[in-house]
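Heads up: the sequence shown at position 211 corresponds to 452 in this note's numbering, and the numbers run straight through without jumps.
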Amino acid sequence: MTYEDGGPLVPIERPRRLRTTPAMRRMVAETRLHPADLILPAFLREGIKEPQPVSSMPGVFQHTRDSLRKAAAEAAAAGVGGIMLFGVPRHKDATGSGGTDPEGILQVAIRDVKAETGDALVVMSDLCLDEFTDHGHCGVLDAAGRVDNDATLERYAEMARVQAAAGVDVVGPSGMMDGQVRVVRDALDGAGHQDVSILAYTAKYASAFFGPFREAVDSSLKGDRKTYQQDPANARESLRELALDLAEGADMVMVKPALPYLDILRQVADAVDVPVAAYQVSGEYAMVEAAAANGWVDRDRMIMEMLVGARRAGAGMVLTYWATEVAERLRSD
Ligand code: PBG
Numbered sequence: 242m243t244y245e246d247g248g249p250l251v252p253i254e255r256p257r258r259l260r261t262t263p264a265m266r267r268m269v270a271e272t273r274l275h276p277a278d279l280i281l282p283a284f285l286r287e288g289i290k291e292p293q294p295v296s297s298m299p300g301v302f303q304h305t306r307d308s309l310r311k312a313a314a315e316a317a318a319a320g321v322g323g324i325m326l327f328g329v330p331r332h333k334d335a336t337g338s339g340g341t342d343p344e345g346i347l348q349v350a351i352r353d354v355k356a357e358t359g360d361a362l363v364v365m366s367d368l369c370l371d372e373f374t375d376h377g378h379c380g381v382l383d384a385a386g387r388v389d390n391d392a393t394l395e396r397y398a399e400m401a402r403v404q405a406a407a408g409v410d411v412v413g414p415s416g417m418m419d420g421q422v423r424v425v426r427d428a429l430d431g432a433g434h435q436d437v438s439i440l441a442y443t444a445k446y447a448s449a450f451f452g453p454f455r456e457a458v459d460s461s462l463k464g465d466r467k468t469y470q471q472d473p474a475n476a477r478e479s480l481r482e483l484a485l486d487l488a489e490g491a492d493m494v495m496v497k498p499a500l501p502y503l504d505i506l507r508q509v510a511d512a513v514d515v516p517v518a519a520y521q522v523s524g525e526y527a528m529v530e531a532a533a534a535n536g537w538v539d540r541d542r543m544i545m546e547m548l549v550g551a552r553r554a555g556a557g558m559v560l561t562y563w564a565t566e567v568a569e570r571l572r573s574d
């Protein structure tokens with residue numbers, strides 16, 4: 242190719258100069274991952290002697306009390322920022338009573354992890370009923386079998402109080418009930434827990450990417466969550482949920498899942514002045530592990546690319562089942 246005057250066509254701008262060496266690329270990188278940005282979701286199952294592998298999430302376990310403490314200690318040693326705890330109770334019932342039992346499995350998890358890691362990890366808990374209900378919904382049902390928003394809020398208020406009493410730092414209301422952040426804030430404040438923060442699951446979509454999680458918590462859900470989780474077709478609805486959560490007192494907000502919703506993450510991050518988290522969910526984990534097990538993809542690079550992508554799209558923090566592994570890798574780099 243030549244210019245009109247016959248001279249060789251040479252680019253004036255050469256962006257490749259800034260990609261020449263690893264040192265140069267590292268220096269000009271706009272987005273960095275740090276272990277403290279990562280949050281490890283973890284499951285404690287009641288009444289088991291050995292950790293149980295979650296078959297659709299190779300490398301993830303339903304923990305025993307001992308193995309959870311060990312996993313939390315490892316995460317803390319790797320510099321992971323926080324841990325998000327889920328309980329898998331032995332007994333499930335219509336109201337999810339295990340979720341509000343002061344001796345319930347999630348409260349045990351909070352106390353154990355706090356005792357193990359002190360202030361080295363931010364301890365967070367899922368504030369939702371689906372792990373505890375026999376029908377698998379995130380709330381209680383009315384006589385017609387529909388999820389009853391306001392009756393559920395009362396259960397969430399009670400959950401917030403018992404989780405705070407167990408010593409949690411941050412509660413994560415994830416049930417997508419209207420008014421849940423306000424009710425949880427009121428319940429916490431009313432019980433003297435003004436310092437417990439709320440990480441609101443602000444934009445949570447009715448997603449097929451939650452599939453493997455249902456195995457991880459032995460969910461008995463039949464049907465779907467489309468009357469309370471958001472339609473994947475909608476973006477503006479997330480901004481409405483965001484405005485409500487902030488008005489109701491959310492300290493931090495979350496978008497979930499991450500990979501199919503990076504546009505939502507960007508819009509949310511641009512709209513707020515509170516910390517924003519992304520949840521890289523079970524299905525995101527499973528599809529990478531499955532493809533990697535077949536030798537089809539470069540697992541480690543793919544994981545890093547997905548995490549950097551979430552950070553670049555506006556997430557300050559990322560919940561990921563790979564948190565400890567990635568934190569260790571970042572430390573050794
Ligand atoms: C609700 C909750 C779910 C997840 C986190 N909190 C399940 C759901 O809403 O169906 C999913 C997380 C994942 O898929 O990794 N308790």
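For each residue, glycine too, the CB sits at the ideal point set by N, CA and C.
Asked	Found
C-beta atoms of Gly320 and Ile280 nearer than 7 angstroms	no
Limits of the unbroken alpha helix (DSSP H) element including Thr393	390–406
Pro453: first and last residue of the uninterrupted alpha helix (DSSP H) it sits in	452–457
Reduced DSSP category for Lys311 - H, G, I as helix; E, B as strand; rest coil	helix
Option in Glu357, Gln470, Gln348 with minimal Cα separation from Glu399	Gln348
Ser297 (DSSP reduced to helix, strand or coil)	coil
Given Pro299 as reference, the closest of Glu245, Glu395, Gly524 once Cα atoms are compared	Gly524
Rounded distance between the beta-carbons of Gly490 and Ile439, thought under 8 angstroms	6 angstroms
From Gly420, Met418, Leu309, Leu429, residue whose alpha carbon lies closest to that of Val412	Leu429
Cutoff 7 angstroms; reference Lys355; Cβ partners in own chain excluding five residues on either side	Val364, Gly408
The ligand PLP heavy atom lying under 6 angstroms from the CB of Val424	In terms of ligand content, the structure shown lacks the ligand PLP and carries the ligand PBG instead.
Coil, strand or helix - Val559 by DSSP	strand
In DSSP terms, what Phe327 is bridged to	Phe284
Buried/exposed call for Met558, threshold 16 Cβ in 10 Å	buried
Any non-hydrogen atom of the ligand PBG closer than 6 angstroms to Val567 Cβ	no
Own chain, CB closer than 8 angstroms to Ala512, minus 5 neighbours either side, in chain order	Leu480, Leu483
For Glu478 and Leu274, the rounded distance between their alpha carbons	29 angstroms
Beta-carbon proximity check, Ser308 vs Pro292, cutoff 7 angstroms	yes
Straight-line Cα distance separating Asp410 from Tyr442	16 angstroms
Cβ-Cβ distance between Gly340 and Phe373 below 7 angstroms	yes
Near the ligand PBG: Val522 beta-carbon under 6 angstroms from a heavy atom	yes
Boundaries of the beta strand (DSSP E) in which Asp367 is found, first to last residue	363–368
With 16 other Cβ atoms within 10 Å as the buried cut-off, status of Gly380	buried
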